[in-house]
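In numbering that gives the first Met the number 0, the protein residues as written are 0 to 204.
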Amino acid sequence: MHSSCSPRDCDRKKYCVLSLQTVLAARELRWKNKKLLAESLAQKFPGHRLALAFCTLRMPASLRISNLYKEIVVQLRDVLAGALMDGAIQILDYGQEEYEDGPSAWLASDCDERILKRMAIAIEEGHALGSLVDIDVTDAKARLISRRDMGYAPRKCLVCDDEAAVCSAGQRHSLSEIEAHIEAIISDSMGQEAWDSHDGHKERD
Numbered sequence: 000m001h002s003s004c005s006p007r008d009c010d011r012k013k014y015c016v017l018s019l020q021t022v023l024a025a026r027e028l029r030w031k032n033k034k035l036l037a038e039s040l041a042q043k044f045p046g047h048r049l050a051l052a053f054c055t056l057r058m059p060a061s062l063r064i065s066n067l068y069k070e071i072v073v074q075l076r077d078v079l080a081g082a083l084m085d086g087a088i089q090i091l092d093y094g095q096e097e098y099e100d101g102p103s104a105w106l107a108s109d110c111d112e113r114i115l116k117r118m119a120i121a122i123e124e125g126h127a128l129g130s131l132v133d134i135d136v137t138d139a140k141a142r143l144i145s146r147r148d149m150g151y152a153p154r155k156c157l158v159c160d161d162e163a164a165v166c167s168a169g170q171r172h173s174l175s176e177i178e179a180h181i182e183a184i185i186s187d188s189m190g191q192e193a194w195d196s197h198d199g200h201k202e203r204d
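Shown next as structure tokens:
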């Protein structure tokens, strides 16, 4: 439960406001859990080349905690799983978690972490909903493999063509502007009629 709102509020246009302390605490907990998960899976699957992918929502925290969008992380995690299976790469384990600042879905695969990162970037850049998620990849010791490590450019903002980090740091776009772009991306991916009939979307109007 988010301390500043009710579950119903989280599905309305009335945005849930999370404190900076809550967001930072959730980020720290998520990082600790990544390390614990990597250690646990390394013990569970000895002899395997372990690489992990963590899918989270790429939007402000006040939108990440809405039930409207949390299914996207599972959907995109499953897209990555499908790509791995198509490449005959074994999926060792998978799961999902809820944090105070939003959901996370993960999988562990038996492959080189750089291969997994390339596949994750392909989904971020090529899937219709890819711009709405971050897919972080780590090795068996929970060391992050960055886009820069792979020679890729920084990701662009959801609203404009500038770097996402620059717009986020400068708070260039309003929450309503960002949400409008998110909803446009979703409606384009699933069809306007299907999105308009989405139960959560109707409740918010």
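All residues carry an ideal CB built from backbone N, CA and C; glycine is no exception.
With Ile184 as the anchor, note down where its beta strand (DSSP E) starts and where it stops.
As a first step, residue 184 is located in the sequence shown; it is residue number 185 there, counting from the start. Segment 174-189 is the alpha helix (DSSP H) holding Ile184; no beta strand (DSSP E) there.
For the 8 Å Cβ check, are there 3 or more pairs between the stretch 74-90 and the stretch 19-37?
no
So, for Arg48: in the same chain, excluding its five sequence neighbours on each side, which residues have a beta-carbon less than 7 Å away from its beta-carbon?
Numbered from its first residue, the sequence shown carries residue 48 at position 49. Excluding sequence neighbours, Arg48 sits near Asp109, Cys110, Asp111.
Decide yes or no for the touch test of the stretch 124-133 against the stretch 81-92: beta carbon pairs closer than 8 Å, at least 3 of them.
no
Nearest to Leu256 by CA position, among Arg171, Ser145, Arg142, is which residue?
Outside the shown range of the chain (0 to 204) lies residue 256, about which nothing can therefore be said.
Go through its chain and collect everything with a Cβ distance to Ala104's Cβ below 6 Å, but skip five positions before and after it.
The count along the sequence shown starts at 1 and reaches residue 104 at position 105. So the list reads Cys54, Val72, Val73, Arg76, Gln95, once near-sequence residues are dropped.
Using a Cβ-Cβ cutoff of less than 7 Å, which residues in the same chain neighbour Arg63 once the five nearest sequence positions on both sides are dropped?
Here residue 63 corresponds to residue number 64 of the sequence shown, with the count starting at 1. Excluding residues within five positions, the ones whose Cβ falls inside 7 Å are Leu56, Asp100, Gly101.
8 Å Cβ cutoff met for Ala52 and Leu115
Counted from its first residue, the sequence shown places residue 52 at position 53. Counted from its first residue, the sequence shown places residue 115 at position 116. Closer than 8 Å, so yes.
Can you give me the C-alpha to C-alpha distance between Lys31 and Ala163, rounded to a whole angstrom?
The sequence position of residue 31 within the sequence shown is 32, counting from 1. The sequence position of residue 163 within the sequence shown is 164, counting from 1. C-alpha separation (whole angstroms): 25 Å.
Would you mind giving the Cβ-Cβ distance between Arg29 and Tyr93, rounded to the nearest angstrom? I have them listed as a contact below 8 Å.
Residue numbering aside, residue 29 sits at position 30 when the sequence shown is read from its first letter. Residue numbering aside, residue 93 sits at position 94 when the sequence shown is read from its first letter. That pair is no contact at about 16 Å.
Does DSSP put Lys201 in a helix, a strand or coil?
Locating residue 201 in the sequence shown gives position 202, where the first residue counts as 1. Reliability fails at Lys201, whose pLDDT of 40 lies under 50, so the model's placement of it is uncertain and the value that follows must be treated cautiously. Correct three-state label for Lys201: helix.
Who does Pro102 pair with in a DSSP beta bridge?
Residue 102 sits at position 103 when you count from the first residue of the sequence shown. Paired residues: Glu97.
Do you know how far the Cα of Pro153 is from the Cα of Ser145?
Reading the sequence shown from its first residue, position 146 is the one you call residue 145. Reading the sequence shown from its first residue, position 154 is the one you call residue 153. Near 10 Å, if we compare the C-alpha coordinates of Pro153 and Ser145.
Taking the runs of the beta strand (DSSP E) that are 3 residues or longer, which of them lie wholly in the stretch 95-171?
101-109, 132-137
Name the two residues that bound the continuous alpha helix (DSSP H) containing Leu17.
Along the sequence shown, one-based indexing puts residue 17 at 18. Premise fails: Leu17 is in no alpha helix (DSSP H) and is neither H nor E.
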